[in-house]
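According to the working numbering, the residues represented by the sequence shown are 31 to 217, in order.
Structure first, commentary second.
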Amino acid sequence: EIYTLSLHDALPISIHVVVALALAFVWALYRSPFGRAMDAVRESELLAAATGYNPMRIKVIAFSIGCLLAGLGGSLYAHFLLYIAPFSFTFWESVNFLLMNIIGGSTSLAGPILGALLLTPLPELLRAYVMWQQVLYGLTFMVFMRFLPDGMTPLCASAWQALAQRLGLPAAEPPAGERAPDPRSGS
């Protein structure tokens with residue numbers, strides 16, 4: 031008997047393929063000369079302009095790439111739900127996405143993924159405390175901005191390197207293109 035994929039079976043496979051392709055694209059973008067230009071503009075527009083980059087052009091292109099990826103994700107989300115309406119995207123959804131970036135850290139590709147893995151189950155775990163959920167989000171935002179401005183990713187990398195050193199494994203260097211923690215932030 032020949033097995034055919036139904037739309038119900040094919041959607042999770044296509045979502046995984048699109049996510050893998052998007053991650054590969056962003057990974058390659060981070061390591062490209064344009065990725066280094068985006069990093070330079072993020073760090074200091076004035077210095078980036080002094081080295082010959084056009085900060086406005088770089089920001090517009092980066093915004094366009096972000097919109098492309100958001101639209102791709104939104105189209106997959108609409109196919110997954112089979113129905114989409116404006117009330118599906120509240121202010122708190124935006125806060126949740128912002129917190130994913132802050133908690134995970136926006137200095138590497140792994141940061142937002144880590145933030146999403148940590149925050150996605152949180153509303154379900156806090157279902158009994160719905161009234162306190164927004165307070166917890168606000169406190170989390172303040173704590174991370176004060177004590178971990180680069181998110182969890184540098185902390186996890188430091189813990190990984192300490193574990194590797196303790197086990198006698200060769201120390202792995204951070205991947206090329208990832209920004210070191212900002213020394214001014216105390217991390």
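In this text, a Cβ means the ideal position worked out from N, Cα and C, and glycines have one as well.
Where does residue i land, buried or exposed, given buried means 16+ other C-beta within 10 angstroms?
{"i": "SER62", "result": "exposed"}
{"i": "ASP39", "result": "exposed"}
{"i": "VAL160", "result": "exposed"}
{"i": "VAL71", "result": "buried"}
{"i": "MET68", "result": "buried"}
{"i": "ALA234", "result": "Missing from the structure shown is residue 234; the chain here goes from 31 to 217 and no further."}
{"i": "LEU166", "result": "exposed"}
{"i": "LEU178", "result": "buried"}
{"i": "GLY216", "result": "Caution applies to GLY216, whose pLDDT of 44 falls short of 50 and renders its modelled position unreliable; the value that the coordinates give is listed next. The residue is exposed, with fewer than 16 neighbouring Cβ atoms inside 10 Å."}
{"i": "TYR60", "result": "buried"}
To which residues of the same chain is residue i closer than 8 angstroms at the C-beta, ignoring the five residues directly before and after it?
{"i": "GLY198", "result": "none"}
{"i": "SER44", "result": "LEU106"}
For my contact list, residue i and residue j are in at a C-beta cut-off of 8 angstroms; report their separation, rounded to the angstrom.
{"i": "GLN163", "j": "PRO153", "result": "7 angstroms"}
{"i": "VAL56", "j": "LEU139", "result": "6 angstroms"}
By Cβ distance, which residues of its chain are closer than 6 angstroms to residue i, with the 5 residues on each side in sequence left out?
{"i": "ASN126", "result": "none"}
{"i": "THR170", "result": "none"}
Ignore the nearest five residues each way along the sequence and tell me which others in residue i's own chain have a CB closer than 7 angstroms to its CB.
{"i": "ALA52", "result": "LEU99, LEU102"}
Validate contact between the region 132–144 and the region 75–85 using beta carbons, cut 8 angstroms, 3 pairs
no
- prompt: Would you say the region 129–138 touches the region 174–191, given that touching needs at least three Cβ pairs under 8 angstroms?
  reply: yes
message = With a threshold of 8 angstroms, are at least 3 pairs of Cβ atoms found where one atom belongs to the region 116–135 and the other to the region 85–99?
response = no
Count the CB pairs spanning the region 101–121 and the region 40–54 that are closer than 8 angstroms, and state whether there are at least three.
-> yes
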